[in-house]
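Residue numbers (my numbering), protein chains in the order written: chain V, 328 to 582; chain B, 5 to 335.
Note that CB positions come from ideal geometry on N, CA and C, so glycine has one too.
Note sheet for the following structure.
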């Protein structure tokens with residue numbers, strides 16, 4: 328069954344159309360890359376899916392249920408987890424407590440006690456390799472550690488769909504390869520569909536995604552299997568501009 | 005393991021017991037103990053909301069005021085009812101809790117949808133508004149308030165009435181403070197505490213993590229308010245045997261709550277107790293050595309402490325004991 332379906336989503340901010348009539352489908356367990364230059368509407372799309380924004384038009388369907396007007400806090404228990412572009416740890420709480428919050432209020436909400444949540448947290452902290460830091464206040468972690476902590480926190484929610492926002496930005500290429508391997512493994516083992524959004528690190532997309540969605544100026548430009556999408560001339564144009572001689576307008580500059 | 009989560013109550017209860025014993029055994033100390041108990045208690049009650057959620061309620065004293073009115077109304081209305089006896093005190097406590105919680109629900113349902121500073125501004129109005137409502141509409145004695153020392157004496161006899169006011173009211177404040185400490189640690193160790201920490205640190209992220217932030221804020225708000233109601237009923241109504249609107253709605257008390265919580269350490273269990281003791285002792289001492297000047301001297305000292313130790317005394321202490329055997333007692 329289709330896990331998530333967006334039907335003609337449009338989100339405006341005043342006169343600016345941030346997301347323009349976007350429809351897409353995500354199957355359970357799929358690995359998807361969303362790419363697009365800065366300002367192409369990727370983060371807004373995430374915010375519509377996770378319930379931070381309500382779209383002006385269109386519907387969000389999760390597991391066959393219309394969740395368009397559901398508040399954000401009621402979507403997490405259905406199985407929508409996410410990480411943020413700039414990590415948002417609960418700074419004064421320890422890493423262990425942060426991750427336990429994920430377990431407590433995610434799809435297991437109401438089914439696990441605090442102690443059980445902390446055990447689940449231990450499992451995911453080990454999985455991302457933060458055992459040595461588990462009692463530290465999350466605010467004191469390095470940026471990379473914060474990202475790992477957020478991934479552990481989101482995984483502890485036991486989501487069906489995990490939205491990752493620039494999780495690999497600023498990482499060393501070797502770490503990116505490792506992260507890609509890790510995400511693929513987690514997706515397979517836990518049956519999570521993972522959507523990874525990146526601005527321009529194609530290395531992270533090419534190795535990770537089965538399918539790539541390219542956003543440009545709020546609209547969906549390309550939605551195709553990875554190899555096909557990345558070699559699509561329109562995608563090349565979005566990132567590199569047209570070959571000289573054909574220039575009609577500059578494509579790089581986004582509002 | 006189950007019991008271990010309540011270990012941090014030990015230092016708090018040791019302090020309260022010591023206060024009680026000092027007050028009982030040393031002549032002339034009871035009034036000081038009563039004052040310290042009051043500051044510890046309002047600190048703890050206030051901390052449940054401000055410390056745990058990061059929201060500042062400038063109208064907080066209105067909950068104490070309503071608690072005071074609850075007790076005053078019970079005693080002044082039911083003192084002639086035969087056979088109620090000590091029951092009128094219990095009715096007063098119930099009224100105090102109900103009235104404070106009702107106001108908290110009403111204010112919370114509206115104002116807690118506002119963020120940070122907007123919430124603080126909205127709550128200032130609640131306190132002043134309520135006071136002028138009572139005075140203007142002439143309910144509950146209007147601007148003259150309610151004096152019920154007569155009814156209290158009539159209901160209990162001179163001796164019992166005096167012991168209610170001069171001993172039991174203060175002892176009850178210590179018990180209320182102890183109960184507030186218990187609820188605080190219970191919240192901290194449960195889902196509620198995790199939700200409150202999350203929303204205090206990042207409300208939007210908390211929502212996306214599945215936390216119904218408004219619900220948890222209201223839980224903390226009502227809990228905090230009902231303890232304020234109980235404290236008002238005991239420390240103000242039963243102790244003073246009168247209620248007078250300008251006194252019980254004085255925003256000064258809200259400011260004292262804020263100072264106590266910040267001084268001791270917001271969001272910690274032991275913090276408001278330590279803050280209450282430091283504040284109370286200091287205020288008492290300044291009143292003795294420099295009567296009339298205490299506020300002038302107090303303000304800069306508090307500023308310095310808050311700038312130098314933004315985590316409060318217990319916040320600093322907590323960091324110091326991290327990794328030692330004391331860690332599980334200082335929370």
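Over the uninterrupted alpha helix (DSSP H) stretch that includes residue i, give me the two end residues.
i	result
residue 557 of chain V	553–558
residue 289 of chain B	275–293
residue 535 of chain V	529–535
residue 75 of chain B	65–82
residue 239 of chain B	Run containing residue 239 of chain B: none; DSSP gives neither H nor E here.
residue 2 of chain B	As shown, chain B starts at 5 and ends at 335. That puts residue 2 of chain B outside it, with no answer to give.
residue 478 of chain V	470–483
residue 298 of chain V	Outside the shown range of chain V, which is 328 to 582, sits residue 298 of chain V, and nothing can be said about it.
Would you give the residue range spanned by the beta strand (DSSP E) that residue i belongs to?
i	result
residue 543 of chain V	538–543
residue 274 of chain V	In the structure as shown, chain V begins at 328 and stops at 582. Residue 274 of chain V is therefore absent and cannot be evaluated.
Per DSSP, which one or two residues make a beta bridge with residue i?
i	result
residue 340 of chain V	V:343
residue 329 of chain V	V:354
residue 321 of chain B	Residue 321 of chain B is not bridged to any residue.
residue 393 of chain V	V:388
residue 488 of chain V	V:407 and V:520
Hey, does residue i have any beta-carbon neighbour from chain D nearer than 8 Å?
i	result
residue 409 of chain V	This model lacks chain D altogether; the protein chains it does include are V and B.
So what does DSSP say about residue i, is it helix, strand or coil?
i	result
residue 462 of chain V	coil
residue 33 of chain B	coil
residue 110 of chain B	helix
residue 178 of chain B	helix
residue 246 of chain B	strand
residue 254 of chain B	coil
residue 592 of chain V	The structure shown does not extend to residue 592 of chain V, since chain V is modelled only from 328 to 582, so the question has no answer here.
residue 494 of chain V	coil
residue 548 of chain V	strand
residue 233 of chain B	helix
residue 407 of chain V	strand
residue 514 of chain V	helix
residue 523 of chain V	strand
residue 421 of chain V	strand
residue 582 of chain V	Caution applies to residue 582 of chain V, whose pLDDT of 46 falls short of 50 and renders its modelled position unreliable; the model cannot decide the point.
residue 301 of chain B	helix
residue 266 of chain B	helix
residue 142 of chain B	coil
residue 335 of chain B	coil
residue 223 of chain B	helix
residue 85 of chain B	coil
residue 360 of chain V	strand
residue 349 of chain V	strand
residue 150 of chain B	strand
residue 435 of chain V	coil
residue 313 of chain B	coil
residue 164 of chain B	helix
Nearest chain B C-beta to residue i closer than 8 Å, yes or no?
i	result
residue 367 of chain V	no
residue 423 of chain V	no
residue 400 of chain V	yes
residue 372 of chain V	no
residue 456 of chain V	no
residue 426 of chain V	no
residue 406 of chain V	no
residue 379 of chain V	yes
residue 577 of chain V	For residue 577 of chain V, the pLDDT reaches just 47, beneath the cut-off of 50, and the residue's location in the model is therefore unreliable, leaving the point undetermined.
residue 417 of chain V	yes
residue 476 of chain V	no
residue 431 of chain V	yes
residue 484 of chain V	yes
residue 581 of chain V	Residue placement at residue 581 of chain V is flagged as unreliable, the pLDDT there being 45, under the threshold of 50; a coordinate-derived value is accordingly withheld.
residue 420 of chain V	yes
residue 539 of chain V	no
residue 494 of chain V	no
residue 551 of chain V	no
residue 441 of chain V	yes
residue 436 of chain V	yes
residue 403 of chain V	yes
For chain V, find out if any of its Cβ atoms is closer than 8 Å to the Cβ of residue i; answer yes or no.
i	result
residue 335 of chain B	no
Contact set between the stretch 186–203 of chain B and chain V, restricted to residues whose Cβ is under 8 Å from the partner: 193, 194, 195, 198, 199, 201 and 202
Contacting positions in the stretch 205–226 of chain B - beta carbon closer than 8 Å to chain V: 205, 206, 208, 209, 210, 211, 212, 213, 214, 215, 216 and 217
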